Amino acid sequence: MALLFASALLFAAPELWAAPEPSPTPSAAAPTMVGDPELESSNGAVLLKWEPAESERELEYELQESSSANFDDPSSRYRGTLPSWYVSGRLDGRSYFRVRSRPLNGASDGGEAPWTEWSAAQSVLVEHHDLRLAVILFILGAVVFVITAATVLLAARSTSTPR
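According to mature numbering (1 follows the signal peptide of the UniProt record, and there is no 0), the stretch in the sequence shown is residues -18 to -1, 1 to 145, in order.
Spelled out as structure tokens, the structure:
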């Protein structure tokens, strides 16, 4: 009877006799975005930089971009070993960026190392210069060029004319 009770206990409640599951190892701390959390650009270009949490190993980074602060629609923009990425050619608007890292050479068991958590987001607001101002400055520059060229040509002509 005791044998029947013991076998029923083993099959009915395996958590009592099974070895505990190992707890997952916590991933390393996330990288930190460098600079102001809200960057601004008037030409559509900005350099994003980040610093790794303490690590003696070479790291691989993944940078994501989203149009929303909670990253509802993220897209991967960079994956590599450099701790920076140059954003250029941006249209007016706000974008959000975040980064994570993992050891480049993989995990100690030979598999891929787990990614860290994502860094805090950094936003980039692009507001190009006013087009009217750009056109006015272009026209002003063209007028100055024409006046300078005319002055040089007239001076060259007056000094080369025989008397």
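We put the beta carbon where it would ideally sit given N, CA and C, even for glycine. Just so we're clear, the structure is a prediction, and the values are computed from it rather than from any experiment.
Contact check, residue i vs residue j, beta carbons under 8 Å
i           : j           : result
residue 72  : residue 23  : yes
residue 76  : residue 105 : yes
residue 109 : residue 74  : yes
residue 98  : residue 11  : yes
residue 84  : residue 46  : no
residue 42  : residue 62  : yes
Nearest candidate by alpha-carbon position, reference residue i, set the options
i           : options             : result
residue 175 : 45, 14 and 49       : Since the first residue shown for the chain is -18 and the last is 145, residue 175 is missing from the structure and cannot be characterised.
residue 78  : 85, 65 and 101      : 101
residue 40  : 112, 86 and 57      : 86
residue 56  : 27, 118 and 103     : 103
residue 51  : 123, 133 and 107    : 107
residue 27  : 135, 83 and 68      : 68
residue 82  : 25, 127, 122 and 44 : 44
residue 70  : 53, 25 and 93       : 25
Local Cβ density within 10 Å of residue i, reported as buried at 16 or more and exposed below that
i           : result
residue 120 : exposed
residue 113 : exposed
residue 30  : buried
residue 95  : buried
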